[in-house]
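Enquirer: Protein chains in written order, with our numbering: chain A, 549 to 659; chain B, 723 to 839. Note that the Cβ used here is the ideal one computed from N, Cα and C, for glycine as well.
1) Verify the CB distance criterion: does residue 766 of chain B have a CB-CB separation below 9 angstroms to chain A?
2) Leaving out five residues on either side along the sequence, give the residues of the same chain with a beta carbon under 8 angstroms from the beta carbon of residue 731 of chain B.
3) So what does residue 809 of chain B bridge to, in DSSP terms?
4) Taking contact to mean at least 3 C-beta pairs separated by less than 8 angstroms, is the stretch 615-635 of chain A in contact with the stretch 577-590 of chain A?
5) Just reading off the beta strand (DSSP E) that residue 782 of chain B is part of, what are its end residues?
6) Does DSSP put residue 788 of chain B in a helix, a strand or coil?
7) Tell me whether residue 742 of chain B is buried or exposed, calling it buried when 16 or more other Cβ atoms sit within 10 Å of its Cβ.
8) Can you find the residues in the same chain that come closer than 7 angstroms, C-beta to C-beta, to residue 748 of chain B, ignoring five residues on each side of it along the sequence?
9) Going along the chain, which unbroken runs of the beta strand (DSSP E) with 3 or more residues stay wholly within the stretch 742-766 of chain B?
10) Cβ of residue 730 of chain B less than 9 angstroms from any chain A Cβ?
11) Following the continuous beta strand (DSSP E) through residue 598 of chain A, name the residue where it begins and the one where it ends.
12) Out of A:599, A:561, A:566 and A:601, state which residue places its alpha-carbon closest to the alpha-carbon of residue 612 of chain A.
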């Protein structure tokens, strides 16, 4: 989607490995969000940021860390991946009228 | 606390038939409501939104939704289904969570729409 880019698109991890997902936006928004999507559960907020250097916990923050060192980037880290973290991860920024603009997602499998 | 309930995780209709996807919300303050669509292996795309203007909201691809405060509902409809409408649909309500900033979106569990010939 225009303005929000996620990398990588796919990843397979072994239990206990670490990785970082990158979200980059070119719309100069202060706010950025990380969601995970699981079947039958919709999207759940992991962490969010209200500006450079700030982060806050969402609904399901356990097992994840985030950083917002630059305004345009929002990183989501898994220090020790677990099978329960197998999911599709979406980054988002505010869109028009309180909606969001989403990235295309990262499909993560932890084996 | 705000929440969204989508009735029916799977809905199947014939091509040309009416599409009705149900969404009920709970909110302690006047809500903003959204419908998003997700096609296979893609991100979410905004279909339509209600932000306290007209209660009947028209969106893209012929979809519309009506905000009914008395029923706390925001059901999504389309008069005639097309094969290309097959996707997953998410209802969402916005929650004031940040001081002086943008609202946080709370999503329903989603409804997968199948359209058969």
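Expert: According to the structure data:
1) yes
2) 831, 832, 833 and 834
3) B:835
4) yes
5) From DSSP, residue 782 of chain B is part of no beta strand (DSSP E); its letter is neither H nor E.
6) strand
7) exposed
8) 724, 725 and 794
9) 755-760
10) no
11) Run containing residue 598 of chain A: none; DSSP gives neither H nor E here.
12) A:566
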